[in-house]
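Trainee: Below are the structure tokens for one structure; questions will follow.
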Amino acid sequence: MGTPLFVYDEAHLRARCREARSAWGEAVAYATKAFLCRAMAALAHEEGMSLDVSTGGELHVALAAGVPADRLVMHGNNKSDAELTAALAAGVGRIVVDSNDELDRLERLVPVVGTRPAAVLLRVTPGVEAHTHEYVRTGQDDSKFGFGLASGMADEAVERARNLEDKGVLILKGIHAHIGSQVFVLESFDAEVEALAGWFAPLQLEELCLGGGLGVPYVEGETAPSITDWAAEVRAACARTGIPASVRLSAEPGRSIVAGAALTLYTVGTIKRLPGIRTYLSVDGGMSDNPRPVLYGSGYEAFLPRAVEAERPLVVTVVGKHCESGDVVVPTAWLPADTRVGDVLATPVTGAYGHSMASNYNKVPRPPVVFVAGGRFRVVVRRETYDDLLRLDA
């Protein structure tokens, strides 16, 4: 197969999907932005999850995988006419409305497309700042997402949606909120529920989606709640704050489904020792297959699959092959003393936001993806070739 290579444990994926389904119920949706290909879409659907798609491209992949449209939830803070038309024509189960402009578009497009009224959730920003990196916070008042609760925009959106219901444009099913990504502290979700409850309950709507964002441990010493713990915490908060038990609660886990299921394999190409400074270990991938360290300063571990139980006294900085000094995969990695050029190096917990955020920077072909189950593997995304890099050239 060669490297770089994304390797996913299919049993792990299925176990996390089943846990989410058990914890949240039939309305739970897999957030496909974390990792999506036809095989992953089909797997999540087979395990009883809906799918959250946020662009026309994600919608296209999910439908191509055979996921029924009514099991899809369409997100996006700037859905185009074309994306909304595709969602309406396909008959997606829910459209999560993010702005007044989107309500305008639905009012204009639903009669043109000629479908039944759109089933929608209104996305509300509850004014909660989750304990996570500022780039992946989404629930604060200053956000590009949703209708602000504190500003009164959410009240106005509900009133507008009720009017559009009367016109046969849409059916207001409920409210959606999301406070951020990579959240380790369950109290952040308590705060989300508490901010929404007093406003939501009088609306007498049937659905409340609390989004996703549950964190995943990437490096030694980090811990995170389970999906089951998360759901239990939210349900208790809803009961405590007066949200009726009849309300259909849902969530949209992504990272917590796929991150820990995968690792990335690289080949060591160069080991450069700078006495008194550091040792650079260069691999045949980097920021084109994992941009998270560059974007967020995210941490990862590294090990050699040939020597998983060996002592690891060698301290190196694992870097990629791209023309950027910031192309760092693991700032501080501990490896066996006999690490050498040609070794295969693995970085675990790369199942989320690696493949999905991969690029062709420096015209590096994107890696393939394999699923492993029962001692066998199958290629679910093939490796790009140099000819693939030319396919779109006019």
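FYI, the numbering for the sequence shown is 46 to 439, going by the working numbering. Cβ coordinates follow ideal geometry from the N, Cα and C atoms, glycine included.
1) Taking all protein chains shown into account, do 16 or more other C-beta atoms lie within 10 angstroms of the C-beta of threonine 77, making it buried, or fewer, making it exposed?
2) Pop quiz: leucine 167 and leucine 154 are said to be a contact at Cβ under 8 Å. What is the actual Cβ separation, rounded to whole angstroms?
3) Kindly indicate which residue of Ser291, Val292, Arg428 and Tyr398 has the alpha-carbon position closest to the one of leucine 50.
4) Whole beta strand (DSSP E) runs in the region 306-381 with 3 or more residues, listed along the chain?
5) Put arginine 63 into one of helix, strand or coil per three-state DSSP.
6) Got a sec, what are the start and stop residues for the beta strand (DSSP E) threonine 395 sits in?
7) Check each candidate in Glu297, Pro298 and Cys283 and name the one with the smallest Cα separation from serine 291.
8) Buried or exposed for threonine 48, going by 16 or more other Cβ atoms inside 10 Å?
9) Per DSSP, cysteine 283 is paired with what?
10) Between which two residues does the beta strand (DSSP E) carrying alanine 418 extend?
11) So if DSSP puts glutamate 252 in a beta bridge, which residue, or which two residues, is it bridged to?
12) Please state whether DSSP places isoleucine 140 in a helix, a strand or coil.
13) Note down the Cα distance separating valine 353 from alanine 403, rounded to an integer number of angstroms.
14) With a threshold of 16 other CB atoms inside 10 Å of the CB of arginine 423, please say whether the residue is buried or exposed.
15) Please classify proline 289 as buried or exposed, where buried requires at least 16 other C-beta atoms within 10 Å of its C-beta.
16) Under 8 Å between the Cβ atoms of valine 261 and serine 233?
17) Beta-carbon within less than 6 Å of alanine 439's beta-carbon, same chain only, minus the 5 sequence neighbours each way: which residues are those?
18) Can you give me the start and stop residues for the alpha helix (DSSP H) that aspartate 149 sits inside?
19) When you compare the CB positions of methionine 119 and valine 106, do they come within less than 8 Å of one another, or not?
20) Would DSSP call alanine 163 helix, strand or coil?
21) Please decide whether glycine 321 counts as near chain D, where near means a Cβ-Cβ distance under 8 Å.
22) State the CB to CB distance for the pair arginine 116 and leucine 96, rounded to an integer number of angstroms; the pair is presumed to be in contact (CB under 8 Å).
23) Can you say whether arginine 66 is buried or exposed, counting buried as having 16 or more other CB atoms within 10 angstroms of its CB?
24) Express the C-alpha separation of alanine 242 and alanine 56 in angstroms, rounding to a whole number.
25) Apart from the five residues just before and just after valine 375, which ones in its own chain have a Cβ nearer than 6 Å to its Cβ?
26) Specify, as a first and last residue, the run of the alpha helix (DSSP H) that arginine 300 falls within.
27) Alpha carbon to alpha carbon, how far is threonine 130 from alanine 164? Give it in angstroms, no decimals.
Mentor: For this structure:
1) Position 32 of the sequence shown, counted from the first residue, corresponds to residue 77. Flag for threonine 77 reads buried.
2) If you number the sequence shown from 1, residue 167 lands on position 122. If you number the sequence shown from 1, residue 154 lands on position 109. The pair is not a contact, with the Cβ atoms about 17 Å apart (cut-off 8 Å).
3) Taking the sequence shown and counting its residues from 1, one reaches residue 50 at position 5. Comparing alpha carbon positions, the residue from Ser291, Val292, Arg428 and Tyr398 closest to leucine 50 is Arg428.
4) Those beta strand (DSSP E) runs which fall completely within the region 306-381 and span 3+ residues are 307-319, 323-328, 359-364 and 373-380.
5) Locating residue 63 in the sequence shown gives position 18, counting from the first residue. Reduced to three states, the DSSP call for arginine 63 is helix.
6) The residue labelled residue 395 in the question sits at position 350 within the sequence shown. Run containing threonine 395: none; DSSP gives neither H nor E here.
7) Along the sequence shown, read from residue 1 onward, the residue named residue 291 stands at position 246. In terms of CA proximity to serine 291, Cys283 leads the group Glu297, Pro298 and Cys283.
8) Stepping through the sequence shown from its first residue, residue 48 is reached at position 3. Counting Cβ neighbours within 10 Å, threonine 48 comes out buried, since at least 16 surround it.
9) Stepping through the sequence shown from its first residue, residue 283 is reached at position 238. Beta-bridge analysis with DSSP links cysteine 283 to no other residue.
10) In the sequence shown, residue 418 corresponds to position 373, counting from 1. From DSSP, the beta strand (DSSP E) with alanine 418 extends over 414-418.
11) For this step, residue 252 is matched to residue 207 along the sequence shown. Per DSSP, Gly219 and Arg293.
12) Taking the first residue of the sequence shown as 1, we reach residue 140 at position 95. Correct three-state label for isoleucine 140: strand.
13) Here residue 353 corresponds to residue number 308 of the sequence shown, with the count starting at 1. Here residue 403 corresponds to residue number 358 of the sequence shown, with the count starting at 1. Distance between the alpha carbons of valine 353 and alanine 403 is about 27 Å.
14) Working through the sequence shown from its first residue, we reach residue 423 at position 378. When all chains shown are included, arginine 423 counts as exposed.
15) Within the sequence shown, residue 289 is the residue found at index 244, counting from 1. Proline 289 is exposed by the Cβ-count criterion.
16) Translated into positions along the sequence shown, residue 261 becomes position 216. Translated into positions along the sequence shown, residue 233 becomes position 188. With a cutoff of 8 Å on beta-carbon distance, valine 261 and serine 233 are scored as not near each other.
17) By one-based count along the sequence shown, residue 439 stands at place 394. Excluding sequence neighbours, alanine 439 sits near nothing in its chain.
18) As a working note, residue 149 is residue 104 in the sequence shown. Counting along the chain, the alpha helix (DSSP H) containing aspartate 149 begins and ends at 145-158.
19) The residue labelled residue 119 in the question sits at position 74 within the sequence shown. The residue labelled residue 106 in the question sits at position 61 within the sequence shown. 8 Å or more divides the Cβ of methionine 119 from the Cβ of valine 106.
20) Counting from one through the sequence shown, the residue named residue 163 turns up at place 118. Strand, per DSSP.
21) Looking at the structure shown, chain D is missing, and only one protein chain is on hand.
22) For the purposes of this step, residue 116 is taken as the residue at position 71 of the sequence shown. For the purposes of this step, residue 96 is taken as the residue at position 51 of the sequence shown. Approximately 6 Å separates the beta-carbon atoms of arginine 116 and leucine 96; this is inside 8 Å, confirming the contact.
23) Taking the sequence shown and counting its residues from 1, one reaches residue 66 at position 21. By the 10 Å Cβ count, arginine 66 comes out buried.
24) Here residue 56 corresponds to residue number 11 of the sequence shown, with the count starting at 1. Here residue 242 corresponds to residue number 197 of the sequence shown, with the count starting at 1. Looking at the two C-alpha atoms, the distance is approximately 37 Å.
25) Walking along the sequence shown from the start, residue 375 turns up at place 330. Only residues of its own chain outside the window of five on either side were considered, and among them Tyr345, Ala347 and Val363 have a CB closer than 6 Å to the CB of valine 375, listed in chain order.
26) As a first step, residue 300 is located in the sequence shown; it is residue number 255 there, counting from the start. Arginine 300 -> alpha helix (DSSP H) spans 300-303.
27) Within the sequence shown, numbered from 1, the residue matching residue 164 stands at position 119. Within the sequence shown, numbered from 1, the residue matching residue 130 stands at position 85. One Cα belongs to alanine 164, the other to threonine 130, and the distance between them is close to 14 Å.
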